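Student: Just passing along the structure, written as structure tokens.
There are 2 protein chains.
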Amino acid sequence: MKTHAYNPHVSVDCVLIGFNGESLKVLLTEQSETPNNKKGSGMKLPGRPIFDDEDLDEAAHKVLLEITGMNDPYLKQFKTFGAPDRTSNPDDLSWLEETTQVKMGRIVTIGYMSVIRITNKMNMNFQNHKVTWCPVQELPRLAFDHKNIIEEAIREIRRTSKLYPAILFELLPAKFTALELRRLYEVIYDKEMDVRNFHKKITAMPYVIALEEKQTNVAHRAARYYRFDKKTYNKLYGQY
Amino acid sequence: MKTHAYNPHVSVDCVLIGFNGESLKVLLTEQSETPNNKKGSGMKLPGRPIFDDEDLDEAAHKVLLEITGMNDPYLKQFKTFGAPDRTSNPDDLSWLEETTQVKMGRIVTIGYMSVIRITNKMNMNFQNHKVTWCPVQELPRLAFDHKNIIEEAIREIRRTSKLYPAILFELLPAKFTALELRRLYEVIYDKEMDVRNFHKKITAMPYVIALEEKQTNVAHRAARYYRFDKKTYNKLYGQY
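Respectively, the protein sequence lines represent chains A and B.
The first sequence runs 1 to 240 under the UniProt record's numbering.
The second sequence runs 1 to 240 under the UniProt record's numbering.
Here you go:
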């Protein structure tokens with residue numbers, strides 16, 4: 001069997017952003033305990049040094065597959081982080097070196113991101129990894145510069161969705177209510193939106209189609225469902 | 001004086017795209033001759049390994065400043081390239097190692113890009129560098145994977161300009177004719193455009209303002225000038 005050597009200078013980190021209809025979350029993994037009890041800062045993004053014979057995209061896909069069981073997620077390289085001091089925390093560095101059994105150098109990391117809808121039926125296979133969906137508003141202390149990487153990923157979604165709103169509908173179910181769409185805008189842009197203005201906004205989106213169908217089995221007044229029309233969208237903005 | 005050590009694993013490369021009203025060009029530099037006559041493939045993008053104490057953005061700015069004299073160009077990190085075989089050409093690798101006097105490892109390069117208008121009055125200070133503006137349609141053999149990096153940069157401009165047309169007006173003079181704007185679209189999208197349809201397209205751009213002024217001293221019928229209205233644009237698309 002071919003062995004793969006870790007590259008001690010380049011890593012990939014994956015920012016998987018999820019929405020459960022209520023808040024924006026990011027998938028974090030726990031830094032596993034090393035034989036010498038090196039624990040690092042606690043939580044981190046899924047990621048690792050690349051192998052020396054490995055392409056960057058390949059490494060990112062393998063990281064996410066291994067941790068989540070997602071086989072072919074939409075993963076986008078969004079920014080590369082290379083501040084000279086990004087691995088200067090000695091706890092994190094020794095944790096990394098013990099985990100990989102490799103002496104690390106200056107590490108530049110390539111950030112990848114993906115967005116998904118979090119559901120109760122979600123069938124992720126987290127295997128032996130301790131993972132958690134953490135609300136982006138309540139990030140704990142994170143290893144390395146991972147807090148900064150997450151913030152940049154959210155800025156990237158904000159920028160992208162302004163110009164390319166299709167990305168937002170990846171975060172919603174096939175049928176969604178105006179409230180769910182508004183809540184998504186609120187968490188992405190981090191500000192409350194006026195209900196009436198938001199309804200005007202929906203009317204101005206020709207690719208958001210009001211359905212005849214309404215919610216059932218709800219205590220409050222049943223809300224109308226909407227759907228995202230990819231065909232209309234692609235006509236306006238080109239293939240997503 | 002502090003000495004800076006080259007990092008043998010990470011580099012930056014700058015794709016400076018220019019438009020002279022006629023064709024799209026990219027700035028290339030010649031691989032300088034080494035003491036042992038190692039010449040590499042011939043031409044390359046401006047770029048170099050980063051120094052070990054240097055941030056990525058900082059390195060890219062310094063590269064462009066050193067080669068062009070441009071002090072504060074708009075430079076955007078657009079993609080990181082890390083195919084394991086990207087430095088597999090032995091001529092290029094030995095040229096690089098002789099130039100830097102450092103044994104290189106696997107090199108991942110961070111691609112930066114910028115767009116500018118090429119004019120006769122352009123006051124670039126190329127110092128001792130042999131540089132050339134090469135039409136992107138006529139690229140010679142290039143070092144490493146630089147041809148691929150240039151192609152990706154042009155795809156990036158195409159994507160960006162579709163959603164964020166302001167970037168195109170960086171490539172035009174303050175007053176431009178419909179022909180110049182059409183020619184720019186043609187070279188960016190690499191296809192001819194129908195004159196009549198293109199005039200409709202201009203009319204549909206509220207941020208392109210027709211001026212009363214026309215060309216003077218031209219042999220053909222004087223064409224009307226247009227200008228890009230940043231205020232109207234920003235209202236529509238937000239700050240550029």
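Even for Gly, the Cβ is constructed at its ideal location relative to N, Cα and C.
Since this is a predicted model, take the numbers as computed values, not measurements.
(1) Give the straight-line distance between the Cα atoms of residue 139 of chain A and residue 132 of chain A, rounded to the nearest whole angstrom.
(2) Can you tell me which of the three DSSP states residue 81 of chain B falls into?
(3) What first and last residue would you give for the beta strand (DSSP E) that runs through residue 209 of chain A?
(4) Considering only C-alpha positions, which residue in the set A/227, A/20 and A/76 is nearest to residue 249 of chain A?
(5) Could you pull the DSSP bridge partners for residue 175 of chain A from this structure?
(6) Between the region 77 to 102 of chain A and chain B, which residues of the former have a C-beta closer than 9 Å to a C-beta of the latter?
(7) Taking 9 Å as the threshold (C-beta atoms), are residue 12 of chain B and residue 74 of chain B in contact?
(8) Within this structure, are the beta carbons of residue 30 of chain A and residue 129 of chain A separated by less than 9 Å?
(9) Considering only the alpha carbon of each residue, which of A/229, A/213, A/218 and A/177 lies closest to residue 206 of chain A?
(10) Please identify the residue among A/5, A/111 and A/98 whose C-alpha is closest to the C-alpha of residue 33 of chain A.
(11) Just checking, does the region 77 to 96 of chain B make contact with the region 208 to 228 of chain A on the three C-beta pairs under 8 Å criterion?
(12) Does the beta-carbon of residue 3 of chain A have 16 or more other beta-carbons within 10 angstroms, so that it is buried, or is it exposed?
(13) Would you kindly report the start and end of the unbroken beta strand (DSSP E) that includes residue 7 of chain A?
(14) How about the region 18 to 25 of chain B and the region 37 to 46 of chain A: do they share at least three Cβ pairs that are nearer than 8 Å?
(15) With 16 other CB atoms within 10 Å as the buried threshold, where does residue 236 of chain B fall?
(16) What residue range does the alpha helix (DSSP H) around residue 154 of chain B cover?
(17) Tell me which same chain residues have a C-beta within less than 6 Å of the C-beta of residue 8 of chain B, skipping the five on either side of it?
(18) Can you look up residue 108 of chain A in the DSSP assignment and give me helix, strand or coil?
(19) What did DSSP end up calling residue 61 of chain B once you bin it into helix, strand or coil?
(20) Report the rounded CA-to-CA distance for residue 233 of chain B versus residue 70 of chain B, giving the unit in angstroms.
(21) Using DSSP with H/G/I as helix, E/B as strand and the rest coil, what is residue 142 of chain B?
(22) Thinking C-beta only, is residue 185 of chain B closer than 9 Å to residue 168 of chain B?
(23) Within a Cβ cutoff of 6 Å, which residues of the same chain sit near residue 152 of chain B, ignoring the five residues on either side of it in sequence?
Tutor: Let's see:
(1) Locating residue 139 of chain A in the first sequence gives position 139, where the first residue counts as 1. Locating residue 132 of chain A in the first sequence gives position 132, where the first residue counts as 1. Distance between the alpha carbons of residue 139 of chain A and residue 132 of chain A: 11 Å.
(2) Position 81 of the second sequence, counted from the start, is the residue given in the question as residue 81 of chain B. Here residue 81 of chain B sits in strand by DSSP.
(3) Counted from its first residue, the first sequence places residue 209 of chain A at position 209. That run of the beta strand (DSSP E) goes 208 to 214.
(4) Only positions 1 to 240 of chain A appear in this structure, which leaves residue 249 of chain A out of reach.
(5) The sequence position of residue 175 of chain A within the first sequence is 175, counting from 1. Answer is A/227.
(6) In summary, the residues of the region 77 to 102 of chain A whose CB is separated from some CB of chain B by less than 9 Å are 77, 79, 80, 81, 82, 83 and 84, in the order they occur in the chain.
(7) On the second sequence, position 74 is the one that residue 74 of chain B refers to. On the second sequence, position 12 is the one that residue 12 of chain B refers to. No, they are not a contact pair.
(8) If you number the first sequence from 1, residue 30 of chain A lands on position 30. If you number the first sequence from 1, residue 129 of chain A lands on position 129. Yes. Within cutoff.
(9) Position 206 of the first sequence holds residue 206 of chain A. Nearest option by C-alpha distance: A/229.
(10) As a working note, residue 33 of chain A is residue 33 in the first sequence. Comparing Cα-Cα distances from residue 33 of chain A to each of A/5, A/111 and A/98, the minimum goes to A/98.
(11) no
(12) Along the first sequence, one-based indexing puts residue 3 of chain A at 3. By the neighbour-count rule (16 or more Cβ atoms within 10 Å), residue 3 of chain A is not buried but exposed.
(13) Here residue 7 of chain A corresponds to residue number 7 of the first sequence, with the count starting at 1. For residue 7 of chain A, the uninterrupted beta strand (DSSP E) segment begins and ends at 6 to 19.
(14) no
(15) Indexing the second sequence from 1 puts residue 236 of chain B at position 236. Under the 10 Å beta carbon count, residue 236 of chain B is surrounded by fewer than 16 other beta carbons and is classified as exposed.
(16) Here the question's residue 154 of chain B lines up with position 154 in the second sequence. From DSSP, the alpha helix (DSSP H) with residue 154 of chain B extends over 146 to 163.
(17) As a position in the second sequence, residue 8 of chain B is number 8, starting the count at 1. Excluding positions up to five away in sequence, the list reads 102, 104 and 105.
(18) Start at 1 with the first residue of the first sequence, and residue 108 of chain A comes out as number 108. DSSP places residue 108 of chain A in strand when its eight states are reduced to three.
(19) Here residue 61 of chain B refers to the residue found at position 61 when the second sequence is read from its first residue. Helix at residue 61 of chain B.
(20) In the second sequence, residue 233 of chain B corresponds to position 233, counting from 1. In the second sequence, residue 70 of chain B corresponds to position 70, counting from 1. When the Cα atoms are used, residue 233 of chain B and residue 70 of chain B turn out to be separated by approximately 26 Å.
(21) Locating residue 142 of chain B in the second sequence gives position 142, where the first residue counts as 1. Strand.
(22) As a working note, residue 168 of chain B is residue 168 in the second sequence. As a working note, residue 185 of chain B is residue 185 in the second sequence. For residue 168 of chain B and residue 185 of chain B, yes; Cβs fall inside 9 Å.
(23) Locating residue 152 of chain B in the second sequence gives position 152, where the first residue counts as 1. Once the five neighbours on either side are set aside, the close Cβ partners of residue 152 of chain B are 79.
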